[in-house]
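> Encoded as structure tokens, here's the structure I'll be asking about.
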Amino acid sequence: MHYDYQLRPTPPPTIPSEAQSMKRIRNFCIIAHIDHGKSTLADRLIQACGGVTQREFHDQMLDSMDIERERGITIKSNTVTLNYTAKDGHDYQLNLIDTPGHVDFSHEVRRSLMACEGALMVVDASQGVEAQTVANLYLALEYDLELLPVINKIDLPAADVERVREEIDADLGLDPFAAIPVSAKTGVGIEDVLQGIVEHLPPPKGDPDAPLKALVFDAHFDKYRGVILQCRVMEGTLKPRDTIHFMHAGRDYKVDELGYNQFKLVPKEKLSAGEVGYIVAGVKSVQDIEIGDTITLLDRPAAEPIPGYQPAKQVVFSSVYPMSTDEYPDLTKALEKLSINDAALTFEKDSSAALGFGFRCGFLGLLHLDVIQERLQREFDLGLVISAPSVKYRLQLNDGSTLEVDNPSYWPDPTNIQSSTEPYIKASILIPEEYVGPVMELCREHRSESQTMNYLSAGRLEVVSEMPLGEVLFDFYGKLKMITRGYGSFDYEPIEYRPTDVVKVDILVNKEPIDALSYLVHRDKARTRALHYCEQLAEAIPRHQFKIPIQGAIGGTIIARATIQPYRKDVTAKLYGGDVSRKKKLLEKQKKGKAKMKQFGSVNIPQKAFVSVLRADKD
């Protein structure tokens, strides 16, 4: 491995002088499809600017969580202030905001884009333009950002820079000759990127003397200092001991400290228009702040907040229970701390007869659910049982009222339901041409209502499909990757609610319904999934002295069944010879005993049975 730049002798990590004009500031983010090398490129930019010493450096510098490094994905937006001396001899302040690439964390991307004037659009030199590259382009254009294309991974044997330039021109409509070829792994072209940021991306605008307007685009919790806010100052100036006002939340706080984030917090005397930094203001509770809120001064408030504020919309809902009821208080504290760090996570109290007290949580997608689950287990050492994920259905009742239901426990009597609707998405699937047949069939299997094809370039096309969100939750993405051999990419956006025929399926064990295993599903898919549940439970529940039926039912109609056979004691073993009627008498007595046991006996369902069913469903 080699680097084509030299690490500058590390100047002390200080920011350019107070007198520096806004023309020397660049606020930019890095956007791309998942796994195209955003975090690695950020690492090289940090190294090249001397942001860290060689001894302090590690891969994925901006990924602060262990889970991010292990999975190789970015979950949280992160920011760092760098100093760069350009070829013109001037010092520039570069505020880099690293953003997630996965569709589940698009709310993080949106807020980060609002804090920037420009963006590096990273495209993989071997894979080319993919679904989320196009989606992120539209997002960036929505916020009027200047884009600088970067072609990464040119060191790969399969890299085809000229083909990718053509795709940048045809699919993205950007200048293909402005694209900078780099290898973030080896360091080739990093200096060109830094120079491109200074020359092509615009400086911020804003009046330092106007009333304060600052956008809160991220926050994280520090156990000693409370909530540390990451913000971008749009207008005005903020100083320590100023009293600030949150315009959406309606709360007031006094600023204790502010400054820049340079992998450690560097205090400053003020933050002015155009700058990105942190604020410590004694915020202690999750309910007190909203990510995306506008901060202003209490004694000199702004006339209106920064436009574009949108709370994150949860689309996937699941119940989370502790393995042991003793851990319920710990689970409560853990979710409160996580929600400070992750504004998109919502939760409310829930309970189950089988699993005790827990929480009904809202997530942005399945990856978001998976990440939260892993963080709860890893960071807080909690054993969890997670119910099957579901979406929010809207019901029109006979009395004219409307009801939103995401939890099977609250499903009303079917006779009271006049009509039901479910959320639909517009899915964008980018694939090589040869896989178009299987992908179209996959969409039809998942109740796709319309499919259109757009030819992007030679051999590549986009399939646009409208389908229910509930169909994407379980196995859609995995099947897509399998049938396209990993070359298919998938992105979606919610569009509207449409009529559906949704039913509640109950799982009965020994004729007793288990509420934690109930789920909502389209009538056409009800039997298949019920059969899957029954088979998994039959394997996970230990045998008893009596026969145990496991059934899936819609109302009073049984649609699936599996049976756990009983242990059988050989009651005739002590007999030797004699009349056969004695043997028959003993077997008849055993039969009556088993019937009585079946009537009064209870089935002990172990926790692992719930886990096995739900895990198998996710896989």
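Note that UniProt numbering numbers the sequence shown so that position 94 is 94, with each residue one more than the last. All residues carry an ideal CB built from backbone N, CA and C; glycine is no exception. Predicted model, so just to flag it, every value in this text is computed and none were measured.
1. Check the DSSP bridge columns for I386 and list the partner residues they point to.
2. To the nearest angstrom, report how far apart V503 and R543 are at their CA atoms.
3. Let me check understanding here. Comparing Cα to Cα, which of L517, A560, I154 and D169 lies closest to L531?
4. Does the contact criterion of 3 or more C-beta pairs under 8 Å hold for the stretch 146-164 versus the stretch 191-205?
5. Take H58 and list the residues in its own chain whose beta-carbon comes closer than 8 Å to its own, dropping the five residues that flank it on each side.
6. Would you list the residues sitting across from G557 in a DSSP beta bridge?
7. Enumerate in chain order the residues of its own chain whose CB-to-CB distance from L172 is below 6 Å, with the five nearest sequence positions on each side excluded.
8. Assuming contact is defined by CB atoms lying nearer than 8 Å, are E466 and Y424 in contact in what I supplied?
9. Excluding sequence positions up to five away, which residues of its chain have a Cβ less than 8 Å from the Cβ of S154?
10. Which residue wins for smallest C-alpha separation from T85, given the options R232, C49 and L355?
11. Give every residue of the same chain whose Cβ lies closer than 6 Å to the Cβ of R241, excluding the five residues on either side of it in the sequence, and list them in chain order.
12. Just the Cα atoms here: how many angstroms apart are S39 and R110?
13. Mind pulling the beta strand (DSSP E) runs of 3 or more residues that sit fully within the stretch 437-463?
14. Where does F359 sit, in a helix, a strand or coil, going by DSSP?
15. Would you list the residues sitting across from S351 in a DSSP beta bridge?
16. Please confirm whether E235 and G206 have their CB atoms less than 8 Å apart.
17. Do you know whose CA, among N510, K23 and G118, lies nearest H90's CA?
18. Anyone know if the C-beta pair for E275 and V233 falls short of 8 Å?
19. L384: which of I372, V391, Y393 and S390 sits nearest, CA to CA?
20. Quick check: the Cα distance between Y5 and E191, rounded to an integer number of angstroms?
21. For T484, which option in E142, T563, G437 and A210 has the closest C-alpha, if you only look at C-alpha atoms?
22. Where Q230 and V521 are concerned, what is the direct C-alpha to C-alpha distance, given to the nearest angstrom?
23. In or out: M1 buried (at least 16 other Cβ within 10 Å) or exposed?
24. I want to know whether the stretch 503-519 touches the stretch 405-417 - three or more CB-CB distances under 8 Å.
25. If distances are taken between C-alpha atoms only, which option among L297, I291, F246 and I386 comes closest to K313?
26. Just reading off the beta strand (DSSP E) that N136 is part of, what are its end residues?
27. Given this structure, state the Cα-to-Cα distance separating F476 from R444, to the nearest angstrom.
28. From N416 to S448, what does the alpha carbon distance come to, in whole angstroms?
29. For I386, count the other beta carbons within 10 Å of its own beta carbon; 16 or more makes it buried, fewer makes it exposed. Which is it?
30. In the DSSP assignment, what residue or residues form a beta bridge with G245?
31. Kindly confirm or deny that the stretch 389-402 and the stretch 321-328 touch, where touching means at least three C-beta pairs closer than 8 Å.
32. Less than 8 Å between the CB atoms is what I'm expecting for L366 and V316, so what's the real figure, rounded?
33. What residues in its chain sit with their C-beta under 7 Å from that of T452, if we drop five residues either side in the sequence?
34. Tell me which residue opens and which closes the alpha helix (DSSP H) that Y477 is part of.
35. What residues match up with E374 in a beta bridge as DSSP calls it?
36. Alpha carbon to alpha carbon, how far is A131 from H36? Give it in angstroms, no decimals.
For this structure:
1. V320
2. 31 Å
3. A560
4. yes
5. Because H58 carries a pLDDT of 46, less than 50, the predicted location of this residue cannot be relied on, and the following value inherits that uncertainty. Nothing meets the Cβ criterion.
6. First, the amino acid is wrong: residue 557 is Thr here, not Gly. Bridge partners of T557: I554.
7. L137
8. yes
9. Here residue 154 is Ile; the residue named in the question, Ser, does not match the sequence. Excluding residues within five positions, the ones whose Cβ falls inside 8 Å are A125, V161, P181, V182, S183, V188 and G189.
10. C49
11. none
12. 18 Å
13. 450-457
14. strand
15. F357
16. yes
17. K23
18. yes
19. I372
20. Caution is warranted here: a pLDDT of 40 is assigned to Y5, below 50, making its placement in the model unreliable, and the coordinate value is therefore given only provisionally. If you take the alpha carbons of Y5 and E191, they lie about 7 Å apart.
21. G437
22. 41 Å
23. Residue confidence for M1 is low, a pLDDT of 44 falling below 50, so the modelled location carries little weight; the figure read from the coordinates is stated next. Exposed: under 16 other Cβ atoms inside 10 Å.
24. yes
25. I291
26. Not the beta strand (DSSP E): N136 falls in the alpha helix (DSSP H), residues A131 to E142.
27. 11 Å
28. 28 Å
29. buried
30. Per the sequence presented here, residue 245 reads as His, with Gly not at that position. Paired residue(s): D252 and T296.
31. no
32. 6 Å
33. V464
34. F476 to I483
35. Note: E374 sits in no beta bridge, so no partner.
36. 12 Å
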